[in-house]
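Under this note's numbering, the sequence shown is numbered contiguously, ending at residue 232. Each residue gets a CB set at the ideal place from its N, CA and C atoms; glycine is no exception. Note that the structure is predicted; figures quoted are calculated from it, not measured.
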Amino acid sequence: MAAKRKGSPVRRRRKAVIKTAAGALAVMILLGLLRPVLWLYLGAVLAAGGVGWITWRLWRTDRLLRNGDADWRRQDEIAAGQRTLAAVDAMTGTQFEQLVAALCRRDGCTEVRQVGGAGDNGADVLGRLPDGRTMVIQCKRYAPHRTIASREVRDLLAAKVHFAADAAIFATTTRFSRQAEAFASGHQILTLHRDFFGLWNNGTPLLSLAEVNGRGQGRATHQSRWKQTYSK
């Protein structure tokens, strides 16, 4: 029996084209039927994305406004001298350094920057006084009943040498021991004990406090009241 002849190449190509066209037509029909559903899902995704983006923008704007308002209020309190020593006592050490830097800027100091932290070489704030002299500041936000020891003032003197500063300032929320005060006075270190810092915080210019540096920390009556107020 003779073998069945296959179709000619032309017929085979024709059938292939017909099958391809039929498949494409079927896909087009299917997409046409599903198009409303696809557009629905696509619209839902775009709407959800839009709502999410708007929500994020509103949240971010609110945060920026809140942070900006808080910064403005802090700067306004500093400028007006309305921040109480009780509020200063509640600060962290880093916040106290930030306050000292802000008070320096308020009084016309320039190039003020915080350098406190690990390996700070005994300095917390650096900058220039309004008269152009370079300065190094040590900040100690201690509880009022504590006392600054002379070794801490010596560390500041070492920092002054290390940074080749013209002036050294020790700002604290407590008082200095007699030895620490004597050492500071002998080495022209400005000591801002609690009383002087309170004046600075309330608006007295920094250089004005330098004029009364080394005048002591009050008479015996004042120191007795100090101990009664801040003793444990």
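Could you work out which residue in the options is closest to residue i when comparing CA atoms only?
i      : options                        : result
Asp124 : Leu207, Lys15, Ile148, Phe163  : Phe163
Gln179 : Asp89, Asn202, Val153          : Val153
Ala87  : Ala143, Ser208, His193, Val161 : Ala143
Phe196 : Gly132, Leu209, Lys19          : Leu209
Glu97  : Leu65, Ile137, Ile18           : Ile137
Could you compute how far the alpha carbon of residue i sits from the alpha carbon of residue j?
i      : j      : result
Asp155 : Ile169 : 12 Å
Arg105 : Lys140 : 19 Å
Thr92  : Val112 : 20 Å
Trp200 : Ala48  : 54 Å
Arg60  : Gly198 : 37 Å
Pro130 : Gly52  : 50 Å
Gly50  : Arg63  : 20 Å
Val161 : Arg194 : 26 Å
Glu211 : Trp56  : 53 Å
Ala186 : Asp89  : For the record, residue 186 in the displayed sequence is Gly; it is not Ala. Approximately 29 Å between the Cα atoms of the pair.
Met135 : Leu58  : 43 Å
Ile189 : Val115 : 19 Å
Leu103 : Ala167 : 16 Å
Leu99  : Ile54  : 36 Å
Leu65  : Ala149 : 43 Å
In chain order, what residues of the same chain have a beta carbon less than 7 Å from the beta carbon of residue i, not counting five sequence neighbours either side?
i      : result
Thr191 : Phe170, Phe176, Glu181, Ala184, Asn213
Arg12  : none
Arg151 : none
Arg133 : Asp166, Ala167
So, under 8 Å CB-CB, residue i and residue j are touching, yes? Tell me the CB distance rounded to an integer number of Å.
i      : j      : result
Thr147 : Thr173 : Wrong, their Cβ atoms sit about 12 Å apart, outside the cutoff.
Gly127 : Thr110 : 6 Å
Just to confirm my understanding: we take residue i, look at its own chain, exclude 5 residues before and 5 after, and list those with CB closer than 6 Å. What are they?
i      : result
Asp107 : Pro205, Leu206
Ala16  : none
Leu85  : Gly198
When you compare the CB positions of residue i and residue j, do they come within less than 9 Å of one another, or not?
i      : j      : result
Ala165 : Ala158 : no
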